[in-house]
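Asker:
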Amino acid sequence: MARASGDPGPASGSGPAPGRWAMLAVLCASLLLVAMDATILNVALPSLIDDLRPGPLEQLWIIDIYGLILGGLLVTTGAVGDRWGRKRLFLLGFVLFGVASVLAATAHSSVQLIGGRVLLGLGGAMVMPSTLSLIRNIFTDARERALAIGVWAAVAGAGACVGPLVGGFLVEHFEWQAAFWVNVPVVVVTVAVGVRLLPEYRAPHPGGLDWPGAGLSIVGIVALAWGIKHVAKGSPNPSDVGALVLGVALLALFAWHQLRLDDPLLDVRLFREGPFLAAALATLLAMLAIGAALFLISLWLQYVHGYSPSEAGLRTLPSALAMLAGSLSSPWLMHHAGVRAVLATGLGALAAGFLLLALAPEPTTYPVVAVVLAGLGLGDGLAITASASVLVSAVPAERAGQAGAVSETAYELGVGLGVALLGSVHGAVFSDRMTDRTADLPLGGHDLDTARGSVGGAADVARQVGGETGRRVLTAARGAFDHALTTTAYVSAGIVVAVTLLTVFMVPRGFKVTGGGH
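For the sequence shown, this note's numbering gives the first residue as 181, with consecutive numbering after it.
1) Going by alpha carbons, who is nearest to residue 401 out of 428, 390, 392?
2) Can you tell me the Cα-Cα spacing of residue 145 and residue 299, whole angstroms?
3) Pull up the CB-CB distance for residue 684 and residue 469, whole angstroms please, since I reckon it's below 8 Å.
4) Does DSSP put residue 688 in a helix, a strand or coil?
5) Buried or exposed: residue 417, going by 16 or more other Cβ atoms within 10 Å of its Cβ?
6) Output the distance between the C-alpha atoms of residue 380 and residue 510, rounded to the nearest integer angstrom.
7) Ignore the nearest five residues each way along the sequence and tell me which others in residue 311's own chain have a CB closer than 6 Å to its CB.
8) Throw me the rounded Cβ distance for the residue 303 and residue 336 pair, which I believe falls under 8 Å.
9) Smallest Cα separation from residue 480: which of 660, 687, 202, 301?
10) Is residue 540 helix, strand or coil when you go by DSSP?
11) If you reduce the DSSP assignment to three classes, tell me which class residue 495 lands in.
12) Taking only runs that begin and end inside the segment 625 to 649, name each unbroken alpha helix (DSSP H) of 4 or more residues, in chain order.
13) Inspect the beta-carbon positions of residue 538 and residue 630 and report whether they are closer than 8 Å.
14) Distance check for residue 560 and residue 514, CA to CA, integer angstroms please.
15) For residue 267, which of 376, 369, 682 has the nearest alpha-carbon?
16) Can you tell me whether DSSP reads residue 483 as helix, strand or coil?
17) Looking at the secondary structure, which residues open and close the alpha helix (DSSP H) in which residue 416 lies?
18) Which whole-angstrom value is the C-beta distance of residue 276 and residue 374, which I expect to be below 8 Å?
19) Rounding to the nearest angstrom, what Cα-Cα distance links residue 184 and residue 315 in this structure?
20) Rounded to whole angstroms, what's the CA-CA distance from residue 231 to residue 320? Just pull it up for me.
21) Given 8 Å as the limit, is there contact between the segment 454 to 467 and the segment 561 to 575, that is, 3 or more CB pairs closer than that?
22) Do you know how far the Cα of residue 508 is from the Cα of residue 328?
23) Identify whether residue 662 lies in helix, strand or coil by the three-state DSSP scheme.
24) Leaving aside the five residues before and after residue 550 along the sequence, list all residues of the same chain whose C-beta is less than 6 Å from its C-beta, in chain order.
25) Just the Cα atoms here: how many angstroms apart are residue 227 and residue 474?
26) Give me the residue from 669, 520, 446 with the minimum Cα distance to residue 542.
27) Which word fits residue 354, buried or exposed, when buried means at least 16 other C-beta atoms lie within 10 angstroms of its C-beta?
28) Would you give the residue range spanned by the alpha helix (DSSP H) that residue 277 belongs to?
29) Would you kindly report the start and end of the unbroken alpha helix (DSSP H) that includes residue 309?
30) Please say whether residue 504 and residue 563 have beta carbons closer to each other than 8 Å?
31) Give every residue of the same chain whose Cβ lies closer than 6 Å to the Cβ of residue 672, excluding the five residues on either side of it in the sequence, and list them in chain order.
32) What is the DSSP secondary structure of residue 250, counted as helix, strand or coil?
33) Leaving out five residues before and five after residue 679 in sequence, what residues of the same chain have Cβ atoms less than 8 Å from its Cβ?
34) Below 7 Å CB to CB, which residues in the same chain sit around residue 255 once its five sequence neighbours on both sides are set aside?
35) So, is residue 436 buried or exposed, given that buried needs 16 or more other C-beta atoms within 10 angstroms?
36) Quick check on DSSP: helix, strand or coil for residue 455?
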């Protein structure tokens with residue numbers, strides 16, 4: 181890759197930015213909250229279900245609408261930051277994130293909560309590409325930047341992993357609303373410090389924003405996500421298939437439109453390079469698998485093993501610790517072994533974790549899950565840090581928002597689609613197994629449909645009917661959930677193995693990240 185053009189902004193030509201590590205701390209504080217909100221409701225979902233009574237589809241939307249909104253808007257917000265100012269976009273997005281947290285915390289219906297999650301996704305979409313693009317500008321030395329990206333990836337991954345731990349503590353000691361209230365003081369302090377500390381960066385000669393391209397990307401990604409979500413449920417109707425086809429068509433039109441522009445919203449030519457495409461695919465598909473795994477394992481810990489929210493969150497800690505180790509060791513490993521080796525090792529660790537979960541005898545035990553979580557965290561830390569470094573180094577500093585947008589779109593869309601797609605696969609297997617297991621139970625009508633719809637619904641029915649019937653419903657649901665988790669692990673392992681092979685094929689041996697841009 182060629183060396184990047186000079187950084188636009190105050191630090192251009194003046195060497196390393198003073199106070200850059202303090203700036204990184206501010207960026208990471210915001211990133212931690214945005215990342216935590218992708219998974220913090222995983223352990224809060226049972227309490228939330230008891231309070232708001234959302235249906236199975238509403239439960240999925242409450243969890244994954246956040247990631248889908250993030251994925252749909254990141255390309256546009258990354259371009260807005262390049263043109264309008266990355267600090268300005270970052271601060272405005274984080275303020276919106278705080279307001280949305282209040283809206284979600286005061287929700288008295290599933291609709292209001294989903295609306296709050298939508299606004300949280302919008303605020304997060306303004307924050308996340310700004311953090312990575314500001315790192316690209318603040319850290320002009322390639323070695324320092326690699327370490328900063330390693331810290332950034334560790335915080336992003338740790339946020340997703342400790343989300344269940346923090347959420348569990350808050351739910352058990354307060355209410356599920358506390359999972360949102362906790363954001364507010366952090367937002368206030370971070371914005372106050374960021375206003376004084378962070379420098380402003382924007383492209384030196386920004387063009388106008390490509391609004392037609394922005395519309396195509398947003399609607400295309402949302403339509404694609406909607407189509408995948410509903411088709412994955414099984415027995416899709418024509419509108420579901422139509423949404424899927426529309427999403428693919430609009431994104432293809434978006435790519436064609438970008439190729440015709442001198443100042444594109446996203447330079448799709450970057451995807452012609454094997455390392456860049458491999459990094460984006462590795463992020464997307466790895467997060468698709470691990471996002472669903474963390475969601476389902478959190479439910480498994482509570483519903484199958486009966487742990488409290490905080491106990492369940494504590495038992496997901498191996499993933500966060502391994503993520504930290506993988507992210508912080510990745511820059512050193514990339515420097516000595518090359519990008520391909522680190523990506524392949526990280527993805528291989530993910531695949532091994534899923535295969536262990538798939539091959540473990542049923543009923544699955546927590547020691548097996550703890551090892552699985554460690555493998556997933558280590559693999560995620562290595563793969564995501566290496567991928568982000570490749571993506572950031574591929575663009576000049578004035579286009580850093582594009583790199584941040586690609587990285588974060590792949591990350592968040594992967595998590596959202598993982599919960600939607602693999603969550604739907606798990607739900608279909610669960611319902612099929614529950615249909616067999618509850619055939620002889622004295623349940624009927626709404627109770628039977630609820631018990632077969634989700635493990636949360638089955639637990640609710642078991643509490644209501646009580647007695648021997650209740651115990652049998654709960655036993656059947658736990659066995660069905662465990663079996664569905666095994667099946668989903670096989671699917672996840674297949675996805676990760678495929679992307680590992682693609683990565684090894686597309687990234688040249690000995691390829692290393694430089695300080696340059698494309």
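A virtual CB, placed ideally from N, CA and C, is assigned to each residue, including glycine.
Answerer: On the basis of the data shown:
1) 428
2) Residue coverage of the chain in this structure runs from 181 to 698, which leaves residue 145 outside it and unanswerable.
3) Actually they are not in contact, since the Cβ atoms of residue 684 and residue 469 sit about 18 Å apart, beyond 8 Å.
4) Judged by DSSP in its simplified three-state form, residue 688 adopts coil rather than helix or strand.
5) exposed
6) Approximately 29 Å, taken between the alpha carbons.
7) 207, 211
8) Not really, about 16 Å apart at Cβ, beyond 8 Å.
9) 660
10) coil
11) coil
12) If only complete runs of 4 or more residues are kept, the segment 625 to 649 shows the alpha helix (DSSP H) at 625 to 633, 635 to 645, in order along the chain.
13) no
14) Computed Cα separation, rounded: 15 Å.
15) 376
16) Helix at residue 483.
17) No alpha helix (DSSP H) holds residue 416; DSSP gives it neither H nor E.
18) That belief does not hold up - the Cβ atoms of residue 276 and residue 374 are roughly 14 Å apart, past 8 Å.
19) Reliability fails at residue 184, whose pLDDT of 35 lies under 50, so the model's placement of it is uncertain and the value that follows must be treated cautiously. The alpha-carbon atoms of residue 184 and residue 315 are separated by roughly 14 Å.
20) 50 Å
21) With a cut-off of 8 Å, the segment 561 to 575 and the segment 454 to 467 count as touching, because enough Cβ pairs lie within range.
22) 9 Å
23) helix
24) 498
25) 18 Å
26) 669
27) So residue 354 ends up on the exposed side.
28) Residue range 266 to 285 is occupied by the alpha helix (DSSP H) that includes residue 277.
29) 290 to 318
30) No Cβ-Cβ contact shorter than 8 Å links residue 563 with residue 504.
31) 469, 534
32) helix
33) Taken in chain order, the residues that qualify are 461, 462, 465, 466, 527.
34) 397, 445, 446, 585, 589
35) exposed
36) helix
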